[in-house]
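As structure tokens, the structure follows; a few thoughts come after it.
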Amino acid sequence: MGKVIYGVHVSVDGFIEGPNGEFDWPEMGEELSAYSLELSERAAAFVYGRRVWEMMSFYWPQAESISDHPHDLAFAPIWRRTPKVVVSRTLAEADHGARVVGGGDLATEWAALRAEIDGDLLVTGGTGAATALAALGLVDEFQVIVHPVVLGGGRQVLPDLARQELRLVGTRGFDGRSVLMRYTRA
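Take 481 as the starting number for the sequence shown in the working numbering and just add one per residue.
Pasting the structure below:
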């Protein structure tokens, strides 16, 4: 069984979105893009909350017609072929072959999912799914990428989560701009 990895981009002041929901500040330089693609290639499934799922399921199926950024062009086929899971209390089903969990007892549904999927589950994007999973002690590794920007408000990473002790297992800089901090549960 693989790990559950939560990967998130944050500002120096700890936000994943700006005050108006903006997410225009992370820069995917060559080094960060290569790391992100490598992590994505290893994932047995991508995990999203409902809100992030709606953005991802709109953008990635047609990314090549929207963007010419090298990262987008490299990630789009990975996204399309990788199984997807949506953690939601409100969705009953999702398109693009995604499986929905969380309508009942999340811990029980997650255990069944983990028994079926062999490999790492990569939770990315927002905070809803990650917070729900972390609250149940189901996130094995937190990968926080800090970008050199102060947003001054917005959506906080892992809001309202009870205290958890973590252990730093690695750091890495990318493109002379952002820094990855990897933590596991202590």
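All C-beta atoms in this analysis are idealised placements derived from N, C-alpha and C, irrespective of residue type, glycine included. Please read these numbers as outputs of a predicted model, since none were measured by experiment.
- One thing to note: glycine 599 has its Cβ within 8 Å of the Cβ of alanine 524.
- In terms of Cα proximity to glutamine 644, the closest of Thr588, Arg635, Gly582, Tyr663 is Tyr663.
- Remark: fewer than three beta-carbon pairs, one from each stretch, lie closer than 8 Å, so the region 651 to 663 and the region 605 to 612 are not flagged as touching.
- 8 Å or more divides the Cβ of aspartate 493 from the Cβ of leucine 641.
- Following the DSSP letters along the chain, one finds glycine 608 inside the alpha helix (DSSP H) bounded by residues 608 to 615.
- Positions of the alpha helix (DSSP H) runs, each at least 4 residues long and wholly inside the region 572 to 597, are given as 586 to 596 in order along the chain.
- Here glutamine 542 carries a helix assignment [DSSP, helix/strand/coil].
- For serine 491, the secondary structure class from DSSP, reduced to helix, strand or coil, is strand.
- Glutamate 621 sits buried, since 16 or more C-beta atoms from the chains shown fall within 10 Å of its C-beta.
- Relative to the Cα of arginine 635, the nearest Cα in the group Tyr486, Val488, Phe495, Met661 belongs to Phe495.
- Per DSSP, histidine 551 is one residue of the alpha helix (DSSP H) stretching across 550 to 561.
- Lysine 564 has Phe526 as its beta-bridge partners, per DSSP.
- When only Cα atoms are considered, alanine 574 and aspartate 585 end up about 19 Å apart.
- For the 8 Å CB-CB criterion, leucine 660 and glutamine 623 form a contact.
- Lysine 564 counts as buried, since no fewer than 16 other beta carbons sit within 10 angstroms of its beta carbon.
- Threonine 604 has its alpha-carbon roughly 16 Å from the corresponding atom of phenylalanine 538.
- Nearest to histidine 576 by C-alpha distance, out of Thr588, Gly582, Trp559, is Trp559.
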